[in-house]
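Notes for the one structure printed next.
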Amino acid sequence: MVTDKGADRAWTNENLIPNIEDGVLTAEEISQLNLSKTKLVVLSACETGLGEVQNSEGVFGLQRAFKLAGVETLVMSLWKVDDGATKDFMITFYQNLMIGKSKLLSFKTAQNFVRKKYQNPYYWAAFVMMD
């Protein structure tokens, strides 16, 4: 009996079912979406702003895929992020967005908040915003 689903099967290459979604959203799949009315995508996991060099294509990753799909602004991380600092950053960022501050001001406010709590740039400089 198979109890695991979707992404588990894709990662292990076991029990794949033809014509069934594998549960893994790839950069290639994202780039084919129409996200032209999407104002903001936040990728808060580790190293979400990184990609792979592909021949003459340059760096291809989630950031490029979302931009190709039409997303206006991306927030992503450049290295492994600390869970506590990420939580503080995201809460502050979204709170500021919800009260009507701009994306950029919300981002800078969140970054400054985390910077005061954790002085080492490892904690507060991992996230970048790309318009």
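Note that this note's numbering has the sequence shown beginning at 2, numbered continuously upward.
For each residue, glycine too, the CB sits at the ideal point set by N, CA and C.
1) Could you check if Q120 is buried or exposed, using at least 16 other CB atoms within 10 Å of its CB as the buried criterion?
2) What residues in its chain sit with their C-beta under 8 Å from that of V115, if we drop five residues either side in the sequence?
3) Taking C-alpha atoms, which residue in F128, P122, L105 and A111 lies nearest to K40?
4) Taking only three categories from DSSP, how would you classify Q120?
5) With a 10 Å radius around its C-beta and 16 neighbouring C-beta atoms as the bar for buried, classify N113 as buried or exposed.
6) In this structure, how does DSSP classify S32 when only helix, strand and coil are distinguished?
7) Judging by CA-CA distance, which residue of K118, F108 and T13 is the nearest neighbour of F128?
8) Out of A70, Q96, N97 and D83, point me to the one whose CA is closest to L36's CA.
9) Once the 5 residues before and after T49 are set aside, which same chain residues still bring their CB inside 7 Å of it?
The relevant details are as follows:
1) Locating residue 120 in the sequence shown gives position 119, counting from the first residue. Within 10 angstroms of the beta-carbon of Q120 lie fewer than 16 other beta-carbons, which makes it exposed.
2) As a position in the sequence shown, residue 115 is number 114, starting the count at 1. Around V115: A86, D89, F90, T93, Y124 and W125.
3) Your numbering for residue 40 matches position 39 in the sequence shown. Residue L105 is the option with its Cα nearest to K40.
4) Working through the sequence shown from its first residue, we reach residue 120 at position 119. In the structure shown, Q120 sits in coil (DSSP, three-state: anything other than H, G, I, E or B).
5) Residue mapping note: residue 113 aligns to position 112 of the sequence shown, counting from 1. Of the residues assessed, N113 falls on the exposed side of the cut-off, its CB having fewer than 16 other CB atoms within 10 angstroms.
6) The residue labelled residue 32 in the question sits at position 31 within the sequence shown. It is helical.
7) Locating residue 128 in the sequence shown gives position 127, where the first residue counts as 1. Among K118, F108 and T13, the Cα nearest to that of F128 is on F108.
8) Taking the sequence shown and counting its residues from 1, the one referred to as residue 36 is at position 35. Per the Cα distances, A70.
9) Working through the sequence shown from its first residue, we reach residue 49 at position 48. Correct list, in chain order: L63, M77 and S78.
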